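Notes for the one structure printed next.
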Amino acid sequence: MKHIRLTSIFLCLLLIQQFLLANSNQEKYYKPENILRFAEHLFQEGDYLRAASEFLRYLYYSDSIPIEEDTIYYKIGLCYRLGKNHQKSISYFQKVIADYPYSNYLDDSHFQIAYSHFLSGKYKESLSFADKSLSLIKSDPGRLKLQQLTGLNYIYQKQWRQAVDYLSSLENRVKHNGLSASLLNFAKQGEQLPRKSKFLAGLMSAIIPGIGKMYCHRTGDGLMSLLTIGLTSWQAYDGFHKKGSKSVKGWIFGAMTAFFYLGNIYGSVVTANIYNQQIEDKLLTEVRVTINVSFK
Amino acid sequence: MLVLNKFLLAWLIFIWTLPGIKHDMTLSLGERFFNSENYYDAITEYKRYIFFNSEKKDNSISNAYYKTGLAYFHLGKSDKAINELRKSIQTANTVRMRDERKIDLAIVLIASGNYGAAEFILIKVEMFSQLPELKKEAAYFRGVASLYSYNWERADEAFHIYFDDLEEKSQGMPIKLESMLNKAQNLKYKSPKLAKILSTIIPGSGQIYAGDWRNGINALLLNSATGYYFVDDILQSQYQDAILNYLFLFGRFYRGNRFHAGEAAKKYNEKLNQNLISHILKTLLGELDNENNKNN
């Protein structure tokens, strides 16, 4: 009898242990601090969108409002920005600014909103937000970053003169910062790029077909235009010379010559435009490498 | 008391068999998401399990990596799938599991078009695995990888290993499959080089040689017409006309005809290979079904 009782107690204890184990498992995974640890791990791993969901889960599972709630919202914004969901990232940074007026992340949130606009290619929005935020930023490093971003926005809009003026107008301390100096240097380079004049390219091709393209370093295209227009115009001349104004050949080749001639002028203007874009884009690639290292 | 004891024992066994308690909670959740094709959330749960149980020495971590890999594969992220499957191999505890995972990794590599890497892994399994059934499986998939890289000889050799090693009741490689693979090894491809040479001598003949009659005749007619005018202009000493004709008509058609002859030959060869692969795979699947039916 005693043996049976002991077995019963043992079985009951085993059963209780099973339930406790199940509960402890659940606790292990869904305890708020563990969710936070997991979210941080995902962030470190670069799985940003999944990390954002876990940060949100952490806020949801927390019994009371966590002291560092603004930090979490800031991190969610950061996750979305790094996960290239800029619209969502902006909304979370805006939440930090609106709901936590005394947050340590206020300055950073201002910068991140302007930077998210910049990354999504909305340079004008980024510029106007940075301009509005500058007076609200308290810390010097925060102001510096926003000023650099403003300069960068001018550069990306290819407004080289404004970029040079703006970056030169900064206080000496800011101007001599490494990144600011690089940006100023890029802006100056952008301003002095050896651009080709569209007007000159068109005019040159109007005088001698194809020369405008050669001026834009497209020698092959230029020679082809010269040969084509030369041959068609010669044929037109030949037709009119032999049969006068009644020459069908003359009219056909004359029309072709006019078409090719106008196309050659238009093509030269376009070539100059493409050339300018290419050298500007090459410079912007260098800028992109620099900011990828400096802006995180 | 004895009845109670029996009841408790029965209940305990029942409780142990419940998935939520027997298995880990997050792992079960991952499985449920995976089975309902919610791969994104399944990955989150498997990652959570791995993060909180990294110290575990059993095969559950390897399994979690494996399922994460499969989930990524279903989401079309082959690179991530391959990465997770590699981790699954590294964390597997048993030789069998490690070799099975290697074969799975090779299958994912084949599916993502990385045939060379798949063959390399499968050869390693064939050489070093101590498990005959896995060696055989590896040979089978190596055959499939060789098929896709059009290496018929290697596919033949791999399928021979697979079928010759089957149980005694099997009679080696099926005759139908063997004859198809022999046929593949003696396939008569069209040479793109020869097609180009033929079209250089007689425009359109390269396309006809590659089985593209329509385009061949089209090329022959166009080149004959424009070529006739070109030669006629030269014979009549109308050199400007001849140059114009060459630049805008004959030259273009002639160059295009040579290029398309080479492309037609390549297209013919590709079609030939694809048709044969689909026939071989169909036969192979049929044979496997027969084999399974015999075993059952």
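So the protein lines, in turn, are chains A and B. Counted the way our numbering counts, the first sequence spans residues 1 to 296. Counted the way our numbering counts, the second sequence spans residues 297 to 592. Beta carbons: idealized from backbone N, C-alpha and C, even for Gly. Bear in mind that the values here come from a model prediction, so they are computed numbers and not experimental data.
Enumerate in chain order the residues of its own chain whose CB-to-CB distance from A/Y58 is below 7 Å, with the five nearest sequence positions on each side excluded. Against the first sequence, residue 58 of chain A aligns to sequence position 58. Here A/Y58 has P32, I35, L36, A39 and I72 as same chain residues with Cβ atoms under 7 Å from its own Cβ, once five neighbours each way along the sequence are excluded.
Checklist entry - Helix, strand or coil for B/I498 per DSSP? => result In the second sequence, residue 498 of chain B corresponds to position 202, counting from 1. Annotated three-state conformation of B/I498 is coil, per DSSP.
Exercise. Touch check for the region 553-567 of chain B and the region 501-508 of chain B: three-plus C-beta pairs under 8 Å?
Worked result: Short answer: they touch.
*Taking all protein chains shown into account, decide if A/L262 is buried (16 or more other Cβ within 10 angstroms of its Cβ) or exposed.*
Within the first sequence, numbered from 1, the residue matching residue 262 of chain A stands at position 262. Exposed, since its Cβ has fewer than 16 Cβ neighbours within 10 Å.
Quiz item: Contact between the region 521-528 of chain B and the region 474-490 of chain B: three or more CB pairs below 8 Å?
Solution: Segments in contact, no.
Q) Considering only C-alpha positions, which residue in the set A/Y123, A/S139 and A/N172 is nearest to A/T150? A) For the purposes of this step, residue 150 of chain A is taken as the residue at position 150 of the first sequence. Comparing Cα positions, the closest option is A/Y123.
| query | Of all the options B/L540, B/R438 and B/S495, which has the alpha carbon lying nearest to the alpha carbon of B/N519? | reply | In the second sequence, the residue the question calls residue 519 of chain B occupies position 223. For B/N519, the nearest C-alpha among the options comes from B/S495.
Item to complete: At 4 residues or longer, and completely inside the region 404-491 of chain B: list those alpha helix (DSSP H) runs for me, N to C.
Response: If you keep only unbroken alpha helix (DSSP H) runs of at least 4 residues inside the region 404-491 of chain B, you get 411-424, 428-444, 448-460 and 471-481.
- From the beta carbon of A/N34, is the nearest beta carbon of chain B less than 8 Å away? Translated into the one-based positions of the first sequence, residue 34 of chain A becomes position 34. Judged by the 8 Å Cβ criterion, A/N34 is in contact with chain B.
* To do: Give a yes or no on whether 8 Å exceeds the smallest Cβ distance from B/R633 to chain A.
  => Outside the modelled stretch of chain B, which goes from 297 to 592, sits residue 633 of chain B, for which no answer is possible.
**Asked** What is the rounded straight-line gap between the Cα of B/K486 and the Cα of B/L581?
**Response** Taking the first residue of the second sequence as position 1, residue 486 of chain B is located at position 190. Taking the first residue of the second sequence as position 1, residue 581 of chain B is located at position 285. Near 30 Å, if we compare the C-alpha coordinates of B/L581 and B/K486.
ask   = What residue from A/M224, A/A272 and A/N153 has the CA that sits closest to A/G307's CA?
value = Lying outside 1 to 296, the shown extent of chain A, residue 307 of chain A is not represented and no answer is given.
Check: Using 8 Å as the limit for Cβ to Cβ distance, is A/K28 near chain B?
Finding: To locate residue 28 of chain A, count along the first sequence from 1; it is residue 28. Taking 8 Å as the threshold, the shortest C-beta distance from A/K28 to chain B falls below it.
Discussion item. Under 8 Å, with one C-beta from each stretch per pair, do the region 403-410 of chain B and the region 382-395 of chain B reach the 3-pair mark?
Written reply: Segments in contact, no.
Might you give, ordered along the chain, the residues of its own chain that have their beta carbon closer than 7 Å to the beta carbon of A/N264, omitting 5 neighbours on each side?
Counting from 1 along the first sequence, the entry for residue 264 of chain A is found at position 264. For A/N264, where only same-chain residues beyond five positions count, the Cβ hits under 7 Å are S205, P209, G210, S225 and I229.
- Query: chain B beta carbons: is any one of them nearer than 8 Å to that of A/F38?
  - Reply: Taking the first residue of the first sequence as 1, we reach residue 38 of chain A at position 38. Chain B, which has a Cβ nearer than 8 Å to the Cβ of A/F38, makes this yes.
Alpha-carbon spacing of B/S356 relative to A/I113, whole angstroms
Position 60 of the second sequence, counting from 1, holds the residue named residue 356 of chain B. Position 113 of the first sequence, counting from 1, holds the residue named residue 113 of chain A. Put simply, the backbone Cα of B/S356 is about 42 Å away from that of A/I113.
Q.
At the level of alpha carbons, what is the spacing between B/T364 and B/A414?
A. Taking the second sequence and counting its residues from 1, the one referred to as residue 364 of chain B is at position 68. Taking the second sequence and counting its residues from 1, the one referred to as residue 414 of chain B is at position 118. It is roughly 20 Å from the alpha-carbon of B/T364 to the alpha-carbon of B/A414.
May I have the straight-line CA-CA distance separating B/L531 from A/R195, to the nearest angstrom?
Position 235 of the second sequence, counted from the first residue, corresponds to residue 531 of chain B. Position 195 of the first sequence, counted from the first residue, corresponds to residue 195 of chain A. Whole-angstrom Cα-Cα distance: 48 Å.
Against chain B: residues of the region 156-172 of chain A by CB proximity under 9 Å:
Going along the region 156-172 of chain A in chain order, one finds no residue with a Cβ nearer than 9 Å to chain B.
N-terminal and C-terminal residue of the alpha helix (DSSP H) that A/P194 is part of
Counted from its first residue, the first sequence places residue 194 of chain A at position 194. Taken as a continuous stretch (DSSP letters only), A/P194 belongs to no alpha helix (DSSP H), as it is neither H nor E.
Pull up the distance between the alpha-carbon of B/L352 and that of B/S384, whole angstroms please. If you number the second sequence from 1, residue 352 of chain B lands on position 56. If you number the second sequence from 1, residue 384 of chain B lands on position 88. Note on residue identity: the sequence assigns Lys, not Leu, to residue 352 of chain B. Going from the Cα of B/K352 to the Cα of B/S384 covers about 14 Å.
Checklist entry - Do the region 174-192 of chain A and the region 240-247 of chain A make contact, defined as three or more Cβ pairs closer than 8 Å? => result Because the criterion of three Cβ pairs below 8 Å is not met, the region 174-192 of chain A and the region 240-247 of chain A do not touch.
- Three-state secondary structure (DSSP) at A/N85? On the first sequence, residue 85 of chain A is found 85 positions in, with the first residue counted as 1. Reduced to three states, the DSSP call for A/N85 is coil.
Hey, does B/Q532 have any beta-carbon neighbour from chain A nearer than 8 Å?
-> Counting from 1 along the second sequence, the entry for residue 532 of chain B is found at position 236. It does not: the Cβ of B/Q532 has no partner Cβ on chain A nearer than 8 Å.
With DSSP collapsed to three states, give me the class of B/N588.
What you label residue 588 of chain B is simply residue 292 of the second sequence in a count that begins at 1. In the displayed model, B/N588 falls within a helix according to three-state DSSP.
From what residue to what residue does the alpha helix (DSSP H) around B/E380 run? Sequence index remark: in the second sequence, residue 380 of chain B carries index 84 (1-based). For B/E380, the enclosing alpha helix (DSSP H) covers residues S374 to T387.
For B/K484, which of B/F544, B/R548, B/Q386 and B/E566 has the nearest alpha-carbon?
-> Sequence index remark: in the second sequence, residue 484 of chain B carries index 188 (1-based). Taking only the C-alpha atoms, the option nearest B/K484 is B/E566.
Practice task
Please report how far the alpha carbon of A/S168 lies from the alpha carbon of B/F347, in whole angstroms.
Solution key: Position 168 of the first sequence, counted from the first residue, corresponds to residue 168 of chain A. Position 51 of the second sequence, counted from the first residue, corresponds to residue 347 of chain B. When rounded, the distance between both Cα atoms is 50 Å.
Minimum Cβ-Cβ distance from A/H241 to chain B less than 8 Å
Within the first sequence, numbered from 1, the residue matching residue 241 of chain A stands at position 241. No, A/H241 lies away from the interface with chain B (no Cβ there is under 8 Å from its Cβ).
Alpha helix (DSSP H) containing A/P32: first to last residue? Within the first sequence, residue 32 of chain A is the residue found at index 32, counting from 1. In the DSSP annotation of this structure, the continuous segment of the alpha helix (DSSP H) that includes A/P32 starts and ends at P32 to E45.
Please report the straight-line C-alpha distance between B/F455 and B/T579, rounded to a whole angstrom. As a first step, residue 455 of chain B is located in the second sequence; it is residue number 159 there, counting from the start. As a first step, residue 579 of chain B is located in the second sequence; it is residue number 283 there, counting from the start. Looking at the two C-alpha atoms, the distance is approximately 12 Å.
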